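In this note's numbering, the protein residues as written are 57 to 270. Here a beta-carbon is modelled for each residue, glycine too, at the ideal position from N, C-alpha and C. Note that the structure is predicted; figures quoted are calculated from it, not measured.
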């Protein structure tokens, strides 16, 4: 039986998935998935309900597949390659790409893909989050980028450094080592960041950082 990550929070665990990382999407109202690059074709190993609601796919048709199943005849190949490049180089990437829902309806998708590492600096997963863009509105993604950049500018230099490393998928312990700080100090900065930026989940924090160009 395939399970969504929501089932992990109740104690039924998908053994290969680290629940610490699964919370990045279970706690987020933004559609999200976790994929495992250690498995052939980097398949999705977990998705949240907002992702299912957005795409129309039930979880058992999502888990085990590569994210390219959302592609269709109008999907821009150069944007697909940009995502693949981010995966190959283990770097966060944000693109606006044409994807397709289960019923065949196309939608403009602001896709974020970001690497996630364990305590030993080993790549474990990729976080993917999606926001449907209203193509009839004023350039929403441009406005999101501008707004994100302005919010980041208001942070202290140290908070900006911490945010940059969070966007790269590093854990508190790794960020502490990079900055020469105590881990508890990094935790404090992250808590302040979340509060100042009005965010409630790490997934949203990562997305904002990438939108800001970090």
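Query                                                                                                                                                                             : Result
Looking only at DSSP bridge pairs, what is residue 102 linked to?                                                                                                                 : 90
I'd like to know whether the C-beta atoms of residue 183 and residue 80 end up nearer to each other than 8 Å.                                                                     : yes
Beta carbon of residue 215, beta carbon of residue 180: below 8 Å?                                                                                                                : no
Does DSSP classify residue 343 as helix, strand or coil?                                                                                                                          : The structure shown does not extend to residue 343, since the chain spans only 57 to 270, so no value can be given for it.
Give the single residue among 139, 146, 176, 128 whose Cα lies nearest to the Cα of residue 229.                                                                                  : 176
To the nearest whole angstrom, what separates the beta carbons of residue 149 and residue 132, a pair I think is in contact under 8 Å?                                            : Not really, about 14 Å apart at Cβ, beyond 8 Å.
Can you tell me where the alpha helix (DSSP H) holding residue 239 begins and where it ends?                                                                                      : 239-253
Return the residue from the list 83, 94, 98 that minimises the CA-CA distance to residue 107.                                                                                     : 83
For the region 181-227, which segments carrying the alpha helix (DSSP H) assignment without a break, of at least 4 residues, lie completely within its bounds, in sequence order? : 196-209, 213-223
Write down the C-beta distance between residue 172 and residue 88 rounded to the nearest angstrom, noting that I regard them as a contact closer than 8 Å.                        : So it is not a contact: roughly 12 Å between Cβ atoms.
Apart from the five residues on each side of it in sequence, which residues of its chain come closer than 8 Å, Cβ to Cβ, to residue 210?                                          : 252
In the structure shown, what three-state DSSP assignment does residue 176 receive?                                                                                                : coil
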